Amino acid sequence: MTDSPLLALYHSLNAHYGDLEWWPADSAFEIAVGAILTQNTDWRNVEKALGNLKSANVLSIEAILETSTDQLEMLVRPSGYFRMKADRLKHLCEFLELNSFDALKKMGRDQARGRLLSVKGVGPETADDIVLYALDIPSFVIDTYTRRLLERFGLYSSKLKYPVLQAAFHQQLPEDASLFKQYHALIVEHAKVSCRKKPLCESCVLKDTCPQII
DNA sequence: AGCCAGGACTGAG
DNA sequence: CTCAGTCATGGC
235 MTDSPLLALY HSLNAHYGDL EWWPADSAFE IAVGAILTQN TDWRNVEKAL
285 GNLKSANVLS IEAILETSTD QLEMLVRPSG YFRMKADRLK HLCEFLELNS
335 FDALKKMGRD QARGRLLSVK GVGPETADDI VLYALDIPSF VIDTYTRRLL
385 ERFGLYSSKL KYPVLQAAFH QQLPEDASLF KQYHALIVEH AKVSCRKKPL
435 CESCVLKDTC PQII
């Protein structure tokens with residue numbers, strides 16, 4: 235029984251990079267906040283913003299809701315789009331006030347994901363970040379790195395819609411939150427060390443171990 | 001000195 | 001519904 239292409243790709247990435255321990259955070263709430271802050275933003279800038287929130291003791295639902303918009307904007311500024319993100323964090327916290335992580339987890343994937351998507355500023359990727367890493371429910375995250383990787387390996391066009399690409403992962407992988415977490419982490423890690431422009435790097439670390447794909 | 005980052009929303013056609 | 005425009009700081 236040979237692996238499906240996406241599972242084979244996972245094994246290759248995993249063999250090279252090993253366990254990556256994602257998502258770095260001290261709580262489910264910090265993960266949700268990070269998911270908003272990292273939208274189209276380098277994680278290193280997100281860390282600065284999270285650090286500001288922690289230093290100001292503003293990393294909780296109540297604290298964010300009580301903090302003035304101006305103050306919140308100042309704190310999240312290093313992560314970019316600071317006005318928009320401050321606003322999105324407010325919306326997220328209003329939502330979490332009524333829907334605890336515990337309650338969301340009990341709803342199951344589709345329900346929880348659907349509720350999250352109703353929050354202004356939470357799109358498909360952010361919702362999946364939260365469902366997967368904060369709720370520990372297997373829902374695969376499709377980001378720009380994922381699209382680029384699939385495109386390069388000739389597996390799926392990066393133009394395909396989010397649900398289509400996600401379905402491919404869901405069909406080809408065992409329904410395992412730990413595996414989904416690690417896979418997404420591996421994709422991002424690989425993106426950081428691989429070149430951005432070439433269709434497929436000659437020095438790609440997967441070249442030797444993923445012959446079925448390359 | 002540009003280019004780009006772990007997206008999502010909006011308005012136009 | 002498809003798609004360009006918009007939002008913004010910091011690293012390399």
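The number in this note's numbering is simply the position in the first sequence, starting from 1, with 234 added.
Cβ coordinates follow ideal geometry from the N, Cα and C atoms, glycine included.
Quantities reported herein were computed from a predicted structural model and do not represent experimental measurements.
For L284, the enclosing alpha helix (DSSP H) has its first and last residue at 277 to 289. Excluding five sequence positions before and after L254, the CB atoms of its chain that fall closer than 8 angstroms to its own CB belong to Q416, A419, L420, E423, given in chain order.
Counting the other CB atoms within 10 Å of its CB gives V427 a total below 16, which places it among the exposed residues. Around the beta-carbon of S313, 16 or more other beta-carbon atoms lie within 10 Å, marking it buried. With respect to L407, S294 sits apart: the two C-beta atoms are not nearer than 9 angstroms. The Cβ atoms of T301 and A283 lie no closer than 9 angstroms to each other. For a cut-off of 8 angstroms, the C-beta gap from W256 to Y367 is around 7 angstroms, short enough to register as a contact. For M341, the enclosing alpha helix (DSSP H) begins and ends at 335 to 341.
DSSP places K395 in the coil class of the three-state scheme, outside both helix and strand. For K339 and D370, the gap between their C-alpha atoms comes out near 8 angstroms.
The C-beta of S392 has fewer than 16 other C-beta atoms within 10 Å across all chains shown, which makes the residue exposed. Around I376, the same chain offers Y396, L399, Q400 as residues with beta carbons nearer than 6 angstroms, after the five sequence neighbours per side are excluded. Taking C-beta atoms as the reference points, L309 and V292 count as a pair closer than 9 angstroms. Secondary structure remark: continuous beta strand (DSSP E) runs of at least 3 residues inside the region 355 to 410: none found. Between the C-alpha atoms of L299 and E359 there is a straight-line separation of about 24 angstroms. Note that the C-beta distance between L240 and L389 is below 9 angstroms. Proximity to R347 across Y379, V365, A411, E264 peaks at V365, based on C-alpha coordinates. A Cβ-Cβ distance of about 6 angstroms is found for the pair V353 and L326, placing them in contact under the 8 angstroms criterion.
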